[in-house]
């Protein structure tokens, strides 16, 4: 019998919803203009030349804006009643998402209308007046150009509040009943109470005054019963809820659209806060607030007021919610540094929560970075989407590679009709609240979980329906207690509750078993990110060096911060992973052009000023090294003098010369360029031997290090290491085998690469050209040109006379669809683990598939290098802009290009530039210095021509900083954020423990260890031009250094 009663109640409740709005009056005084101008929101704007607007008007296309203006006149019969304004500005049956509109009432942002918000409740003041003016800015969205929108209308509606309250109460109670055990006595009583309440309704004259009076009686009856049921919450677990809207900075829309999305969502939040005093809201991403402040200053001030009241929380920790696989270590630090700085300066708040609900895996360096940045809780949702294995904990201590631990919470809110994943877009429904607790795995140590609610991805946020549901659900039988709570408060309470509990530990990276294609998709943005990180590392170092040496105050802090923020913005988790629409990457390309231009101007200015101040008796070249060790390497210069050679002391610098269009270029082999410093080389008279030749060859090549044989397809068939007397490649195996795999994931095309992609491989064997392009005392360059289907590849393979590195510089004109291009090396090496470079360190991953966890890692992320070594020999593969790898058994592969058709239909079509290098070595990668070789591959030497200067005040050679430990990398030198002193950041990279001595080029008067936010922790004793400290495995250390002239100033 229960089934029939519940069916009846469901029908009655759905019917009841149609009686909430009693009368409806169309608004007819409307006009429109298909043009965008912010002045249109002003009450006094003259719209007399606009076109009258009627229902059914067609407008839109892709990325179009329509402005609607008009007057709302309140009929006398409507005044002092509860009124809703209903807007349907752009639905379209063939499209999933409505147009999004922001409403101004009398010139003030009032509310948004979108997929989830079609009505707004007018204030008592608005409802009791005679008229008010409205302006609507309506955006069509990024739909296809020929898909048009249809304006349907705007209506003024009267609301029967008791019917509305009764509807939400009955609806939530019925949904709660459906979640309870069938024999639960409370369920039986609730069904009876709910059924009794509907029996109070007189349906004889529906819509009449008597009808609504009977609804009022039914509501009164059920309300009393509900209060009785809601009085005993003792012993129940709690689901804490907080309003939230996940707003992707760019994804299926451009970055330029995001301020408007934020304004729409935030206007709705503020509107609902005025009507629901218990409603609290949390929002991450300082960039979004900055956008709102710049474009919607009045709205921004209203947000700030709610933050001061404590009802609106700004949290999240980072400048944006970035991907954490691709960005470098310093980028992750800057995300928090600039995020926290903005929150502190604008709102006087701090944040202790890293909020990354939608990011595609989490680097093992994060726990240390978070702890050293004042973050105490990491919250994410995405790990629940794992493809093969479920993380066994939802509340745990995540142990980083250095041993740091960060309290971590995984969201457990279930998603409708999805059995395996959790969502951050909660709706506050009984099934959802119950499911959030039931999915939670650490019930024995914690009885409170967090459920963010509100529509997201494209914004939207909480709805009136959600807040009405919350009012009913705070303490109902059969489901956990529901409590509104800020995220920061939840984090603090969780930490306190767990103090005496045995909290499980996850020791290792949080590898995401999904979206593996994001390591490679949109290759150009990954290349630009790597190059920008290198550029700004070097720019900050040389700008610092210039001020320290010249005792000037020219360091361009504002310009560097502005561009660093843009680098961080482009690391958002739907930009740098490659999962956005075409326009996102057009915008990113323009952004990177500015980043590159301004960074190079600052760097070049610093290099020129330093060069100009060096004392020298002759002309020559100053070579700068941005890396923290004395370095040898290759430097190419154009337009070198016809009758001059470069001298290093009394030795002629070895060089290889080329004649190009009547000009001489040279590749110099330089030795012992000082760490974080420079060295001057003078010109002397001498003769050149031009090495310019292009010739055919027989596929065999010999260097001081290798004997190499290429097969007829340009692949390496034999690579024999003469120094270590062994083959590098497995017998019958190939090196630099370029293979194309059919990459057709069954969903999330740009995001995913599935394991079955590796089932079918097309080896690129259509070799059109194979020649020796250069050969000389420094290097030999081979040029291979391939054709594959609709694509062409030109690859220059370089071998050196003084280096074990084999370099592959590659140009692709790529026009394949849903394809994965990889290079592979089948090595004669036996190892169960490979080592991968990540931010501030490295990690090992298995080369086998013994367990489902191993099997799932068929494509992994790494940065500059990966290494496969056995006891006394190994091979490192280095690259300048790639991040996707697979190393299984003895085959090492680097993913070069991934093309997809959604959401960018032309993703990765066209030109690609990238370089990689093979570095066979004896013993381990540590002893071979493979990590340093990878840095040198990515960080160039810089040259500045110099005239003689007898009155210069700088020496011909200078090192600003270095260490006595090959296992320590000085990653960053920059001006301190407070303008007082200099920041030096270093990390341990070989899992060693011990004393490290840092040597500086000047005597410091103060050295203090800091956290990553540059807050001083302890003074360090100085020792002349240096200082020492203990460093533990993979530890990051940050120091603030002050020199004498700064102390005096």
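In our numbering, the protein residues as written are 850 to 1898. Just so you know, even glycine gets a beta-carbon here, dropped at the ideal spot from N, CA and C. Predicted, not measured: the structure shown is a model, and the values here were computed from it.
| Item | Value |
| --- | --- |
| Any Cβ of chain C within less than 7 Å of the Cβ of residue 1852? | The structure shown contains no chain C; it holds only a single protein chain. |
| Check the C-beta distance from residue 1422 over to residue 1821 and give it rounded, since I have them as a contact under 8 Å. | The pair is not a contact, with the Cβ atoms about 24 Å apart (cut-off 8 Å). |
| Cα separation between residue 1420 and residue 1171? | 5 Å |
| Between the C-alpha atoms of residue 1891 and residue 1831, what's the straight-line distance to the nearest angstrom? | 6 Å |
| If you draw a straight line from the C-alpha of residue 942 to the C-alpha of residue 1118, how long is it? | Below a pLDDT of 50, predicted positions are generally treated as unreliable, and residue 942, at 49, falls in that range; the measurement from the model is reported next regardless. If you take the alpha carbons of residue 942 and residue 1118, they lie about 28 Å apart. |
| Nearest-angstrom Cα distance between residue 1129 and residue 1090? | 9 Å |
| Per DSSP, residue 1300 forms a beta bridge with which residues? | 1090 |
| Rounded to the nearest angstrom, how far is the Cβ of residue 928 from that of residue 880, given a contact under 8 Å? | The pair is not a contact, with the Cβ atoms about 25 Å apart (cut-off 8 Å). |
| Can you grab the Cα-Cα spacing for the pair residue 1205 / residue 1425, in whole Å? | 15 Å |
| Would you grab the beta carbon distance between residue 1792 and residue 1472 for me? Rounded to a whole angstrom, and I think it's under 8 Å. | 5 Å |
| Would you say residue 1468 and residue 1532 are within 7 Å of each other, going by their C-beta atoms? | yes |
| When burial is assigned at 16 or more other CB atoms within 10 Å of the CB, is residue 1414 buried or exposed? | buried |
| For the pair the stretch 1326 to 1341 and the stretch 1282 to 1295, tell me if three or more CB-CB distances fall below 8 Å. | yes |
| Excluding the five sequence neighbours on either side, which residues of its own chain have a C-beta within less than 6 Å of the C-beta of residue 1401, listed in chain order? | none |
| With DSSP as the reference, label residue 1603 as helix, strand or coil. | coil |
| Quick one, which of 1186, 1713, 1134 and 1357 has its alpha-carbon nearest residue 1254's? | 1357 |
| Specify the secondary structure class of residue 1808 as computed by DSSP and reduced to three states. | strand |
| Taking DSSP as the reference, what is the three-state secondary structure of residue 1359? | strand |
| Within its chain, find whatever has a CB closer than 6 Å to the CB of residue 1896; leave out the 5 residues flanking it on each side and keep chain order. | Low confidence applies to residue 1896: its pLDDT is 45, below 50, so where it sits in the model is not reliable, and the reading given next is rough at best. If we look at residue 1896 and ignore the five residues flanking it on each side, its Cβ neighbours are 1854. |
| Just the Cα atoms here: how many angstroms apart are residue 1881 and residue 1688? | 16 Å |
| Can at least three beta-carbon pairs, one atom from the stretch 1760 to 1772 and one from the stretch 1710 to 1725, be found at a separation below 8 Å? | yes |
| Excluding the five sequence neighbours on either side, which residues of its own chain have a C-beta within less than 6 Å of the C-beta of residue 874, listed in chain order? | 1005 |
| Starting from the Cα of residue 902, find the closest Cα among 937, 1826 and 1086 and give me that residue. | 937 |
| So, is residue 1231 buried or exposed, given that buried needs 16 or more other C-beta atoms within 10 angstroms? | buried |
| From which residue to which residue does the alpha helix (DSSP H) around residue 1047 run? | 1034 to 1047 |
| Counting along the chain, where does the alpha helix (DSSP H) carrying residue 1027 start and finish? | 1010 to 1028 |
| Would you mind stating whether residue 1756 and residue 1290 have Cβ atoms separated by less than 7 Å? | no |
| Nearest to residue 1790 by alpha carbon, out of 1288, 1474 and 1863? | 1474 |
| Drop a sphere of 10 angstroms on the beta-carbon of residue 1852, count the other beta-carbons inside from all chains shown, and report buried for 16 or more, exposed for fewer. | exposed |
| Would you identify the three-state DSSP class for residue 1888, choosing helix, strand or coil? | strand |
| From 1434, 1378, 1491 and 1800, pick the residue whose C-alpha is nearest to that of residue 1730; which is it? | 1378 |
| Are the CB atoms of residue 1707 and residue 1613 within a distance shorter than 7 Å? | no |
| Can you look up residue 1525 in the DSSP assignment and give me helix, strand or coil? | coil |
| For the pair the stretch 1265 to 1280 and the stretch 1228 to 1245, tell me if three or more CB-CB distances fall below 8 Å. | yes |
| What separation, rounded to the nearest whole angstrom, lies between the Cα atoms of residue 921 and residue 1178? | 55 Å |
| If we require 3 or more residues per run, which beta strand (DSSP E) segments fall completely within the stretch 1431 to 1516? | 1469 to 1474, 1480 to 1486, 1493 to 1497 and 1504 to 1509 |
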